[in-house]
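A.B. asks: Using the working numbering, read the sequence shown as starting at 582 and increasing by one per residue.
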Amino acid sequence: EQGLASFRSAKDKAAERLGLATGSTRLPSNEEIEQALTERNRIFRGDDHPALLAELRRAAVAIMRALEIYNARLVGPVLNGTATDFSSIDLHLFSDLPETIGVTLDVLGCAHHSIQLRHQFRRGEAEQFPGYRFRTLDFDCTASVFSIKQRRRSPLSPIDGKPMPRAGIQEVEALQG
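If you want it as structure tokens, here you go:
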């Protein structure tokens with residue numbers, strides 16, 4: 582409800598609100614939280630949730646086209662259908678020179694800032710990757726930048742620990758029917 586993007590942050594905040602010491606009790610798994618979010622969207626967003634997803638996915642396609650040179654792939658809540666009003670459009674981009682993406686965002690007129698994002702390719706081994714946060718088409722976007730050779734291997738999903746689903750432009754367009 583408050584737009585927390587991290588499962589860990591959401592769990593810590595829930596434990597704090599319930600007066601539980603962090604780590605002292607079993608909190609829901611990321612998969613259980615994802616299922617509850619899907620159910621919440623169904624109950625409280627009902628008929629307008631598909632419209633929100635369609636709007637986010639249309640914007641994602643436009644952004645992916647603008648960043649097509651970086652083999653843009655959509656990931657996260659906008660792809661899997663659990664997006665809320667607080668969700669950003671999450672992308673994976675591929676370049677051996679991450680700073681060129683910043684230049685491209687400048688050319689596109691997108692104010693942005695560089696960030697570091699953590700991803701795991703092996704359980705328990707998180708690595709830092711360069712990335713960007715920017716706003717365009719009235720949506721917040723987060724882009725993780727991987728090397729070109731990492732294009733065929735997806736990092737592990739924080740939800741289920743399996744390789745993170747990624748979708749290209751045509752796949753995202755197909756989700757819209």
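Even glycine gets a Cβ: it sits at the ideal position worked out from N, Cα and C.
Predicted model, so just to flag it, every value in this text is computed and none were measured.
(1) Leaving out five residues on either side along the sequence, give the residues of the same chain with a beta carbon under 7 Å from the beta carbon of THR717.
(2) Within the same chain, show all residues whose beta-carbon is closer than 8 Å to that of PRO746, passing over the 5 residues directly before and after it, in chain order.
(3) Count the C-beta pairs between the segment 707–722 and the segment 673–688 that are closer than 8 Å, then say yes if the count reaches three, no if not.
(4) Counting pairs of Cβ atoms below 8 Å between the segment 633–641 and the segment 666–673, do you hit three or more?
(5) Taking the alpha helix (DSSP H) that PRO711 belongs to, which residues open and close that run?
(6) On the three-state DSSP scale, how would you describe LEU674?
(7) From GLU754 to PHE727, what distance separates their C-alpha atoms?
C.D. replies: Answer, in terms of the structure:
(1) ILE644 and CYS691
(2) VAL656, LEU660, ASN661, SER735 and SER738
(3) yes
(4) yes
(5) Segment 706–717 is the beta strand (DSSP E) holding PRO711; no alpha helix (DSSP H) there.
(6) strand
(7) 23 Å
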